[in-house]
Structures are given as C-alpha cells and as structure tokens.
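Going down the list, the sequences are from chains A and B.
Counting from 11, one number per residue, gives the positions in the first sequence under the numbering used here.
Counting from 2, one number per residue, gives the positions in the second sequence under the numbering used here.
Ideal placement from N, C-alpha and C gives every residue a C-beta, glycine not left out.
Single-structure report; data block below.
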Amino acid sequence: MQGNASGHRGALGHLRICDLSGQLAGAGATRFLAAFGAQVIRIEDPVTLGLWDIVRQMPPLIDGDRTHDGGSGFLNHNVEKLGITLNLRTERGKELLRDLVRVSDAVTENFAAGVMERLGFGYEDLKALKPDIVYVSNCGFGHTGPYSRFKSWGPIAQAVSGMTFQSGLPDREPAGWGYSYMDHTGAYMMGIALLSALYHRARTGEGQWVDLSCTEAGASLNGPAILDATVNGRPLRRPGMPNSNRSASPAMAPHGVYPAAEDDAWLVLACRHDDDWARLAPVLGIDEPAWSSASGRLADQDRLDASLAAWTQSRPRDAAVAAVRSAGVPVAPVLRPSERSEEPSNLAWGLWPTAVHARHGARRVDGVPVHLSATDWRIERAGPMLGQDNERVLCGLLGVSADELEELRATGVI
Amino acid sequence: MGPLAGTRVVEIAHERVAWAGKLLAELGADVVVVEPPGGSVQRTYGPFVDDVPDPERSLWWWHYHTSKQGVVLDRTTAEGRAGLDRLVATADVVLEGEVPGTFAVTGHERLVHCSVTPFGSHDPRSAEPSVDLTILAAGPVWMCGYDDHSLPPVRGGGNQGFHTASHFAVMGVLTALLAREVTGAGQHVDVSAFAAANVTTEVGTYGWLIAGMEVFRQTGRHAGASLSMPTQLRCADGRYVNSGLVPRSGKDFSLMLQWLDSTGFGEEFPLRFLMELGTEKGIIKGADFLEDPMLQEIVASARELQAFLAGRLTAYEFFRTAQQHGVTAGVIYSPEEVLEDPHFVARGWPVPVEHEELGRTVTYPGQPYRFTATPWELRSRAPRIGEHQHLVGEA
C-alpha cells in the first residue's frame with residue numbers, strides 16, 4: 011500500500027508518515043508531502059471526535075455543517091491524507107499505533123511538549139519500535155528550557171518571536187499579522203526539517219528526532235533587524251518604528267501602500283533605485299529635483315508619500331496600477347480574497363485545485379506554489395471525515411481482519 | 002554535520018533565494034553563492050556596519066549569506082560562463098531567481114534546478130519588476146492592519162514574501178532530491194513567489210473558496226468577516242501583550258483565578274465573583290454563549306481580568322505569570338529582545354559569529370530547528386567578494 015489518499019505516487023510515493031499532527035502548524039507540513047504522493051496517515055482520537063484539532067469544527071463552516079466534519083480549514087489542510095481513529099487510552103489502540111510506527115518512515119506531531127512521552131511514544135519509544143525512524147515535533151517553545159510547558163498558537167509565537175512587533179505603522183500599537191503566519195511558517199520549517207531528515211536517512215540509514223520551536227523559527231526571520239541591534243546598537247523598538255510599509259532593508263523610497271479612488275481600495279508601489287523614480291516621476295507629473303536621488307527621497311518620505319497618495323487617490327485602483335506598470339516600476343493592486351481566487355496568474359498556475367470531500371463534494375482548495383517538472387503534485391481528495399480510512403489502513407496495511415474491525419468499532423478502540 | 006552534508010548547491014545571488022540558500026547551508030549543504038563583478042546588488046542593502054555603506058559591511062548580506070562560500074563570475078563573458086558551467090557540473094542543486102529564460106542548464110541529468118520567480122517560469126509577468134511588497138500584495142497585505150480602515154493595510158515586515166517563497170523552494174528542492182534517490186534523475190523545481198504568498202494566508206483563501214467568506218483586517222488579530230474582540234493589551238510599562246483568548250471552560254476560569262491570586266492583586270479585582278461563577282461551568286459552547294446573558298457577563302469578566310492585570314504588570318510579567326499558571330498569553334517582543342529572553346538564552350539560541358576581518362564577534366539569530374543526529378550549524382560569516390574563487394577551478 012503506497013501513495014497518497016488518491017493513490018497518486020509522485021515524487022514521494024515511497025514514503026509513509028505516521029502523522030499525529032494537526033491544526034495548521036502540523037497539518038500544513040505533512041500537507042506538502044501528501045500532495046507529492048507520500049502516504050500520510052493521520053491518527054485522531056475517536057473519543058473527542060478529533061476535536062483536539064480545533065479546525066475540524068471551526069468556522070467558516072461548510073454549508074453550515076456544525077459537526078466535526080464541517081470545518082473548512084480541516085478540509086483544506088488535510089488534502090490527500092488518510093484519516094484513521096485510534097483510542098490511545100486503550101492497549102489495543104496503542105498496539106495498533108506501534109504497528110503503524112513499525113511500517114512508517116517518519117512520525118510527526120505538534121502536541122504540547124511532553125504529551126508524546128506520556129502516551130508512551132517519546133523518541134526513545136519510537137526508536138525501539140523502528141530504529142531508523144525520523145521523528146519531528148513542533149511546539150510553541152520547544153521541548154527544553156524554562157518555557158517548554160508554556161502554551162502557544164500562531165499569534166502567541168508571532169508575539170514572542172518579534173514577528174508581531176515588526177508589522178505596523180509608526181506610533182501605533184502593532185498591526186501584527188491578520189492570520190497565523192507562524193502556523194503556516196512553522197509548518198514550512200517543520201516540512202523542511204522532515205524532508206531533510208528523510209534525505210539524510212535515505213543516504214545513511216540513520217534516523218533522528220528534530221525538535222522545532224515555532225517561536226525560535228519566527229525569531230530567525232528578522233535577521234537584518236537583529237543585526238542592526240547587535241552590531242550598531244540600534245533596536246527596532248525606537249521612536250517612529252516600525253514602519254513596515256516602508257523598506258529600510260533594502261532602503262527604498264517611495265515604498266508603500268497607497269489609497270485608490272474606490273472605498274478601501276489600495277495599491278502598492280516601490281522604487282528600487284533612481285532609475286525607477288526617473289521613469290515614475292513623469293507619470294505622476296512630479297518635478298522635484300531634490301527627489302532625483304535616493305538619499306533625497308529617503309530624507310523626505312512623508313512629503314513624498316503625500317504626493318503619491320494625492321495622485322493615486324484620484325484614480326481607480328486598476329488605472330493607477332496600469333499607469334505605474336507602464337513605467338516599468340514595481341506595482342501591484344492589494345487583492346481581496348474574492349479577487350485573488352480569480353486572478354489570472356493564479357488560475358494559470360493551477361493554484362486552486364478541486365478536491366472531493368466525502369460529505370461536502372467538490373471544493374476548491376489551496377494548491378502548491380511549487381511545480382516539479384517530472385514528478386509534480388496532485389490534489390484530488392479533500393481532508394478525511396473522522397475515521398474515513400479506518401478499513402483501508404487497518405485492514406489493508408496493518409492486517410486487521412474484517413471481524414476484528416467490527417470489534418474495534420464496538421469496543422471503542424477506533 | 003547537518004543532514005545535507007555532501008550536497009553541493011550553486012546559488013546565483015538573488016534576493017528571492019538568499020534565505021533558501023542560507024537554510025540549505027545551515028542544514029549542512031555546501032553552498033557556493035555566485036556574484037557578478039563588484040558583488041551582488043544585495044551588498045548595497047542596508048543597514049551597514051557603523052552606518053558606513055560598503056559592499057563588505059551590508060548587514061543584509063551578512064545575515065542571508067552565512068555558512069556559504071562566495072565566488073565572482075562575469076556571466077557576460079565566455080570565460081565567466083565557462084566558469085559557471087564548471088561549477089554547475091559539480092552541483093546537485095542550482096538555486097536562482099533570474100528572469101525566466103536567462104539561465105538554462107543542459108546535459109546534467111542529476112541536477113535539481115530550482116528557480117524562484119515572481120509568477121513562475123511560464124508566466125510572462127515574471128519578467129516584470131517586483132519587490133517583496135508587490136509579492137505580498139497578492140493577499141497577505143489585505144489581511145493585515147488596523148480596525149480603522151482609513152489607515153492603509155500593512156505589509157508584515159522583514160521581507161516575508163521572499164522568505165515564504167524560499168521556504169517552498171527548500172521543500173521543493175528536498176522533495177526533488179528525495180525523488181532523485183529513487184529515480185537517479187534531477188528535475189526543474191519551479192517556485193512562484195506570488196502563489197506562495199497566496200497560499201500562506203490561512204482563512205483568506207479557503208474561507209472564500211470553500212465557504213464564500215470575505216475577510217477584512219483588524220488590529221493585531223486575525224482578519225475576519227465580522228469584528229472580533231481585541232486581543233492586544235497595553236501593559237503597565239507601555240508595552241503590549243497578546244492576551245490570548247477568553248476562557249472556554251470552567252477549568253480555564255480556575256486557571257485564570259490562580260494566576261490572578263499569584264500576582265497579589267487577587268482581592269482588588271472587582272469582578273472576582275463572576276470569575277468564580279465561571280469556574281462552575283463546563284465546556285462553553287458558542288450557542289450557549291449567544292443565548293445566555295449571564296454567561297456573557299461571566300466571559301466578559303475574564304476580559305476585564307486581563308485588562309486589570311495589564312494595568313498592573315509589565316508586559317513580560319503578564320506573559321510569564323499567565324503562562325506559569327497555564328493561561329496562554331504572549332509578550333510582544335521587538336525582534337532583538339528575544340536575544341535577552343531567559344528561554345532563548347537557556348536554549349543557546351543566539352549564536353556568536355567571528356568577524357576576524359573587523360576584529361569583532363557578532364551575535365546572530367540562531368536555529369529554527371534542532372536535529373539530534375545531524376545538528377544545524379551556522380558555520381561561518383558571509384563570504385567577502387570572491388573570497389572562495391579557487392572553487393571555480395581552471396578551464
């Protein structure tokens with residue numbers, strides 16, 4: 011039994027992941043592998059209806075379905091994964107998980123630190139079951155250190171890592187991120203950790219544990235600001251900062267988000283260098299000698315931005331974008347969700363594949379922003395209903411008989 | 002030695018792939034960054050050491066090119082192109098961000114060629130100029146900002162559009178390397194930075210695609226279809242915390258009361274009786290909440306408690322004492338403040354790097370993940386221009 015939920019084998023069809031992760035910080039990592047053909051088997055708890063993974067039932071709900079199979083996030087984050095239930099409070103449930111670990115290449119999870127050990131599936135336990143297992147854990151603060159018991163989700167990791175602070179306008183509270191950037195990005199880092207550990211194992215036969223702290227992962231994304239503090243003694247916490255619609259590194263002016271004529275419509279533009287400005291200024295009808303050099307523009311950004319805003323505000327967004335684009339200057343409209351779902355480049359990329367959900371039918375979901383020329387991804391099946399693949403996995407892979415499957419159901423093991 | 006030890010990566014210097022190259026290098030890959038004569042344009046990106054602009058003093062360059070080796074090749078000359086060919090012949094991976102069609106490899110069947118362009122290698126718009134901001138305008142920008150919509154939406158800082166594209170580039174390269182272990186063949190890994198930003202906005206995409214929900218920006222919290230309660234609080238020291246969510250069960254109320262009592266302000270909180278009523282609740286469901294005005298008051302008292310303690314504690318104390326009692330909250334640090342945080346220090350996250358050329362040791366950001374068998378390692382400072390020219394070899 012190989013391949014993802016649709017039977018596609020692609021680049022990673024030779025790999026099987028025993029996946030106890032969920033929500034987005036974990037599910038977002040194994041999603042990438044499943045799209046490329048890895049067999050990702052998600053294990054959920056039948057007693058709590060899998061609701062440790064809060065997105066199972068979190069709005070926006072699909073057609074108002076208020077059950078544990080109604081969350082749109084779960085449908086999206088778990089495409090091409092197989093879903094089984096195991097009650098790990100029972101000895102038979104643990105035995106089945108041990109059987110699954112023995113035939114898996116990797117185990118993934120994003121519980122709070124310590125949960126896997128308490129379940130009897132810490133790294134040493136996993137290694138005893140399969141000596142070359144790759145084990146990747148992802149939690150808010152990592153498995154060691156004074157905060158290892160602290161709880162977290164995306165916005166908390168963003169706060170503590172410095173990611174929230176660096177996003178905002180001057181002399182206001184942080185704007186932060188309007189979504190869990192660090193759940194996504196923690197998942198990408200987890201995917202990188204998992205794939206590189208698997209690559210090492212493929213070449214050497216050696217498995218290992220990777221401990222990922224989402225907060226540390228976030229803190230690593232602010233390098234130039236951190237070096238400005240450690241080298242120049244200039245902290246980002248200082249008057250007038252941050253001002254993240256401007257760009258200090260690299261230094262650019264103008265660089266910002268400007269209003270268009272319509273209500274709550276915006277465009278972004280940036281001049282990378284003097285040549286960009288020399289082409290843009292005539293479009294704007296601005297003739298200001300002091301602004302011909304970057305240093306002149308950087309020193310006078312408030313006035314510069316006001317001039318630009320006066321020009322953009324008197325034009326429809328797309329007309330303003332077209333005029334700036336014709337000058338060869340970086341520019342883009344700020345797109346709403348409804349707009350980018352129909353955006354031509356996204357459609358040409360195949361960014362919104364249709365995946366079929368057992369109850370809710372065909373739905374467009376997030377695709378993958380990477381195409382491989384020889385062994386590309388495919389997404390056809392949506393996230394599993396709770397326990398949807400119990401028979402397929404338990405009988406087809408772990409050798410459970412049809413009779414025993416009934417018994418497992420009757421005794422609350424699955 | 003990292004998990005990618007023995008893997009040779011040739012990076013054609015470009016801002017979109019700099020982070021991808023650093024991630025690979027610190028996982029143990031042997032990354033050679035190729036610059037044009039005079040050095041990459043990234044060396045003109047500030048801030049600079051002591052604010053002295055110089056190609057060897059760019060902190061952008063310092064950060065994004067640690068653990069790599071550097072060579073200079075003039076690709077406008079036959080000699081430079083031949084040098085690049087020799088280098089690529091030794092490579093497992095080429096990483097580049099050129100305009101599509103600029104860089105082609107032939108006759109190297111095992112090579113994994115990763116291109117990171119604004120819209121993908123087949124989209125003519127990838128030839129248009131772009132910066133981090135135009136990539137993030139794809140979707141992230143719409144969702145970030147303030148309740149006050151007369152203020153512009155906000156770009157999350159730190160060049161995260163490049164980072165997200167680089168994360169997908171690294172996952173794509175590793176996937177292609179794993180496939181090569183089976184097939185023996187390399188392939189093209191085509192990354193669209195715009196697409197990467199588009200699928201990195203949580204409910205911004207699937208809320209619309211699956212459930213037809215359009216979201217708008219709100220101060221310091223998730224964009225949503227309707228206005229939600231604030232989650233950011235200003236503390237006694239003027240700094241902010243993410244206050245976490247309100248209790249969702251009686252147990253959560255108990256934890257919050259224990260937290261309150263630990264601060265010594267327990268008897269001063271006027272709505273204590275409501276919190277105590279909350280401890281008697283089971284799991285609080287959304288439907289119950291909407292129909293029960295008393296329950297709404299009880300939950301509101303938890304918000305009052307958060308605000309009450311914010312007015313009396315520093316942001317760090319709020320965070321630490323809450324978390325010590327099982328209440329989720331986060332101090333909003335400025336990026337450099339993590340370097341002094343006891344947890345980051347205890348885990349050895351800040352990394353000292355020797356800059357022998359300036360006689361300084363500089364503290365750098367540390368590891369995103371901890372490999373037990375093949376450790377992550379920041380091996381060296383970024384290369385000076387042409388520092389490892391010997392790697393190009395002879396014609």
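Are at least three pairs of beta-carbons, each pair with one atom in the region 240 to 249 of chain A and one in the region 209 to 227 of chain A, less than 8 Å apart? The region 240 to 249 of chain A is not in contact with the region 209 to 227 of chain A.
The alpha helix (DSSP H) spanning B/Phe-345 covers which residue range? 343 to 347 is the span of the alpha helix (DSSP H), which, as asked, contains B/Phe-345.
So is B/Cys-145 in contact with chain A if we call contact Cβ pairs under 7 Å? Proximity of B/Cys-145 to chain A, defined by a Cβ-Cβ separation below 7 Å, is satisfied.
Under 7 Å Cβ-Cβ, which residues of chain B neighbour A/Ala-342? Simply Thr-135 and Ala-138.
If the cut is a Cβ gap below 8 Å, which residues of chain A does B/Gly-39 touch? Going along chain A, no residue has its Cβ under 8 Å from B/Gly-39, so there is no contact; the nearest lies around 15 Å.
Does DSSP put A/Leu-208 in a helix, in a strand, or in coil? If DSSP states are grouped into helix, strand and coil, A/Leu-208 belongs with the helices.
Can you give the Cα-Cα distance for B/Arg-87 and A/Ala-412, rounded to whole angstroms? In this structure, the straight-line span from the alpha carbon of B/Arg-87 to that of A/Ala-412 is close to 60 Å.
Below 7 Å on C-beta distance, what does A/Phe-428 contact in chain B? Past the edges of chain A, shown from 11 to 424, lies residue 428 of chain A, and the structure says nothing about it.
Is the separation between the beta-carbon of B/Val-171 and that of B/Ala-21 shorter than 7 Å? Less than 7 Å divides the Cβ of B/Val-171 from the Cβ of B/Ala-21.
Closest to B/Pro-154 by C-alpha separation, out of A/Phe-175, A/Arg-374 and A/Leu-179, would be which residue? The shortest C-alpha separation from B/Pro-154 is found at A/Leu-179.
Closer than 7 Å, CB to CB, is A/Thr-364 near chain B or not? Not closer than 7 Å to any Cβ of chain B, the Cβ of A/Thr-364 fails to qualify, so no.
Quick one: is B/His-123 buried, meaning 16 or more other Cβ sit within 10 Å of its Cβ, or exposed? The residue in question, B/His-123, is exposed, as its Cβ has fewer than 16 Cβ neighbours within 10 Å.
Residue-level contact to chain B via CB, A/Ile-236, 7 Å cutoff: It does; some Cβ of chain B falls within 7 Å.
State the Cα-Cα distance for the pair B/Ala-139 and B/Ala-166, rounded to the nearest angstrom. One C-alpha to the other measures close to 13 Å.
Proximal chain B residues relative to A/Leu-59, where beta-carbon distance stays under 9 Å: Here the premise fails: no neighbours, minimum Cβ distance about 13 Å.
Using a Cβ-Cβ cut-off of less than 9 Å, list which residues of the region 175 to 191 of chain A approach chain B; keep chain order. Taking 9 Å as the Cβ-Cβ cut-off, the region 175 to 191 of chain A approaches chain B at Phe-175, Gln-176, Ser-177, Gly-178, Leu-179, Arg-182, Glu-183, Pro-184, Ala-185, Gly-186, Trp-187, Gly-188, Tyr-189, Ser-190 and Tyr-191, given in chain order.
Which chain A residues are close to B/Asp-398, counting only those with a beta carbon under 7 Å from its beta carbon? No answer is possible for residue 398 of chain B: the residues shown for chain B start at 2 and end at 396.
Please say whether B/Val-190 and B/Ala-180 have beta carbons closer to each other than 7 Å? Taking C-beta atoms as the reference points, B/Ala-180 and B/Val-190 fail to come closer than 7 Å.
Just checking: is the beta-carbon of A/Asn-14 within a distance shorter than 7 Å of some beta-carbon in chain B? At a cut-off of 7 Å between beta-carbon atoms, A/Asn-14 makes no contact with chain B.
For B/Leu-291, count neighbouring C-beta atoms within 10 Å of its own C-beta (all shown protein chains included) and say buried if the count is 16 or more, exposed if not. Counting of Cβ neighbours within 10 angstroms places B/Leu-291 among the exposed residues, the total staying below 16.
I need the DSSP call for B/Ile-285, collapsed to helix, strand or coil. In the structure shown, B/Ile-285 falls within a coil segment according to DSSP collapsed to helix, strand and coil.
7 Å Cβ cutoff, B/Gln-68 in contact with chain A: Sequence check: residue 68 of chain B is Ser here, not Gln. The Cβ of B/Ser-68 sits no closer than 7 Å to any Cβ of chain A.
Could you tell me which residues DSSP puts in a beta bridge with A/Met-262? Per DSSP, A/Ser-257.
Classify A/Val-410 as buried or exposed, calling it buried when 16 or more other Cβ atoms lie within 10 Å of its own Cβ. For A/Val-410, the number of other beta carbons within 10 angstroms of its own is at least 16, and it is reported as buried.
So which residues of chain A does B/Pro-384 contact, with C-beta pairs closer than 9 Å? Close partners of B/Pro-384 in chain A (Cβ separation under 9 Å) are lacking, with about 16 Å as the shortest Cβ gap.
Distance cutoff 7 Å, beta carbons only. Does B/Pro-153 sit that close to anything in chain E? The chain labelled as chain E is not found among the protein chains of the depicted structure, namely A and B.
How many Å lie between A/Arg-76 and A/Gln-67 at the Cα? A direct Cα-to-Cα measurement between A/Arg-76 and A/Gln-67 gives close to 7 Å.
Within 10 angstroms of the Cβ of B/Ile-285, are there 16 or more other Cβ atoms? Answer buried if so, exposed if not. Under the 10 Å beta carbon count, B/Ile-285 is surrounded by 16 or more other beta carbons and is classified as buried.
Quick one, which residues of the region 252 to 278 of chain B are near chain A if we go by CB-CB under 9 Å, in chain order? For the region 252 to 278 of chain B, the set of positions with a beta-carbon nearer than 9 Å to some beta-carbon of chain A is empty.
Going along chain B in order, which residues have a C-beta closer than 7 Å to the C-beta of A/Trp-359? Neighbours of A/Trp-359 on chain B, chain order: Gly-121, Ser-193 and Ala-196.
Selection of the region 80 to 111 of chain A by Cβ proximity to chain B, strictly under 7 Å: Flagged, chain order: Ser-82, Gly-83, Leu-85 and Asn-86.
The beta strand (DSSP E) spanning A/Ile-27 covers which residue range? Per DSSP, A/Ile-27 belongs to the beta strand (DSSP E) from 26 to 29.
Hey, is A/Asp-315's beta-carbon within less than 7 Å of any beta-carbon in chain B? Answer no: the Cβ-Cβ gap between A/Asp-315 and chain B never drops below 7 Å.
Chain A within 7 Å of B/Ala-92, Cβ atoms only: Not one chain A Cβ lies under 7 Å of B/Ala-92.
Interface flag, A/Val-65 vs chain B, CB-CB below 7 Å: For A/Val-65, the answer is no, since every Cβ of chain B falls outside 7 Å of its Cβ.
When Cβ atoms are compared, which residues of the region 288 to 321 of chain B fall closer than 8 Å to chain A? Going along the region 288 to 321 of chain B in chain order, one finds Phe-320 with a Cβ nearer than 8 Å to chain A.
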